[in-house]
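Residue numbers (the numbering used here): 183 to 569.
The beta-carbon is built from N, C-alpha and C at its ideal position, and this holds for glycine as well.
As structure tokens, the structure follows; a few thoughts come after it.
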Ligand SMILES: [Zn+2]
């Protein structure tokens, strides 16, 4: 099984059978496990003993779901980090290439280097769950499986990261029971289509060659590692993979909420921080989850009792939430007219989403009651800024 797997990767044929595909992975990279949370105690089982526990990996969605103009979609995924040195270098390489990616992180390593998990997310990449200590989950009790996943999620949240609900079981080892545990916690199990075998062998060119020969129409989920000893070589393969695949018409994406190449579709809502006349109110667009690409909405103000063009600017703007962030805001200057007036109101609304769905589309902007003799200066109606 091992030889046939290697040969099929080297010749670039797609891996046909799932059972054999897992065997070699099970012999693979055993991450030096960090501290195991007390609730997830249990002896590590040598990976090679676990081949029988591996369940077939699901095929990607049969529909190619190709994006217009793309030969196929490619989602790069990197497992077993974060680790100093390699993970930051990979982030730099991916940013220079302007290519999205998803990082499946080991909880104990996140606990050891929370700053690296934050770096990955704030650089616009998605963060996902790869167990606490890279243990093979079928050898663990349901309670231990759940503790491993939940502990990793807690470490990510404590690190200030907003993890996706994607979970890749170490070694791809998953049986029906483990799958039920993962799904029961609200996670989506994610495996891969193309194994770079970067942990096993190869120069950067050879690793890139394996990936490129595996690309096909439709969806491609590529497995690489930023947390194994050979990872520096795998990072060196990335630029060649991206440039060559793009030349052949492939489009790079992140992973969507189903674990398929695409983008998670966040829900955007708008709120307003009010301010008195002469100051600026602030409209805040907030996403319910991190996206791996810029997401934008059109924002406008409608008159209620306040008059657009008089009390408030006739504002229409596109507000963009950058990758790795959850909010974007825009200042709305309120003109001071010095008149005695009751509260005045306007409606701020968002529409025209791009890569995002709309949740709460409207928020009320209230200009508090004003007494004559207050500040009577003009606010600029054009000086819109995005703090
Ligand atoms: Zn792994």
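Boundaries (first-last residue) of the beta strand (DSSP E) holding residue i
i           : result
residue 465 : 462 to 469
residue 527 : 526 to 536
residue 400 : 400 to 407
residue 484 : 477 to 485
residue 456 : Element bounds for residue 456: n/a, residue is neither H nor E.
residue 308 : 308 to 311
Proximity of residue i and residue j at Cβ, strictly below 8 Å
i           : j           : result
residue 264 : residue 304 : no
residue 435 : residue 468 : no
residue 541 : residue 450 : yes
residue 255 : residue 283 : no
residue 417 : residue 271 : yes
residue 492 : residue 548 : no
residue 446 : residue 403 : no
residue 337 : residue 289 : yes
residue 532 : residue 480 : yes
residue 525 : residue 550 : yes
residue 350 : residue 324 : no
residue 261 : residue 401 : no
residue 287 : residue 312 : yes
residue 306 : residue 499 : no
residue 375 : residue 422 : no
Reference residue i, options the options, closest by Cα
i           : options               : result
residue 299 : 343, 395 and 390      : 343
residue 361 : 310, 439, 383 and 328 : 328
residue 438 : 340, 497, 448 and 499 : 448
residue 397 : 386, 380, 431 and 381 : 431
residue 490 : 539, 407, 461 and 530 : 530
residue 484 : 545, 424 and 319      : 545
residue 538 : 470, 511 and 506      : 470
residue 297 : 312, 269, 286 and 383 : 269
residue 369 : 386, 382 and 348      : 348
residue 512 : 385, 462 and 335      : 462
residue 413 : 332, 339 and 267      : 267
residue 381 : 488, 391 and 405      : 405
residue 330 : 363, 472 and 278      : 363
residue 294 : 321, 499 and 314      : 314
residue 319 : 335, 454, 355 and 285 : 355
residue 252 : 433, 507 and 506      : 433
Limits of the unbroken alpha helix (DSSP H) element including residue i
i           : result
residue 497 : No alpha helix (DSSP H) holds residue 497; DSSP gives it neither H nor E.
residue 279 : 268 to 279
residue 389 : 386 to 396
residue 296 : 296 to 304
residue 426 : 413 to 429
Distance between beta carbons of residue j and residue i, contact taken as under 8 Å
i           : j           : result
residue 310 : residue 345 : 6 Å
residue 420 : residue 275 : 5 Å
residue 494 : residue 528 : 5 Å
residue 517 : residue 459 : 7 Å
residue 478 : residue 501 : 6 Å
residue 415 : residue 393 : About 13 Å; that fails the 8 Å criterion.
residue 441 : residue 372 : 4 Å
residue 482 : residue 497 : 6 Å
residue 504 : residue 476 : 6 Å
residue 273 : residue 301 : 6 Å
Beta bridge counterpart(s) of residue i as assigned by DSSP
i           : result
residue 544 : 531
residue 435 : 257
residue 539 : 449
residue 549 : 526
residue 368 : DSSP, once it has assigned bridges, lists no residue as partnering residue 368.
residue 511 : 466
residue 472 : DSSP, once it has assigned bridges, lists no residue as partnering residue 472.
residue 338 : DSSP, once it has assigned bridges, lists no residue as partnering residue 338.
residue 377 : 405
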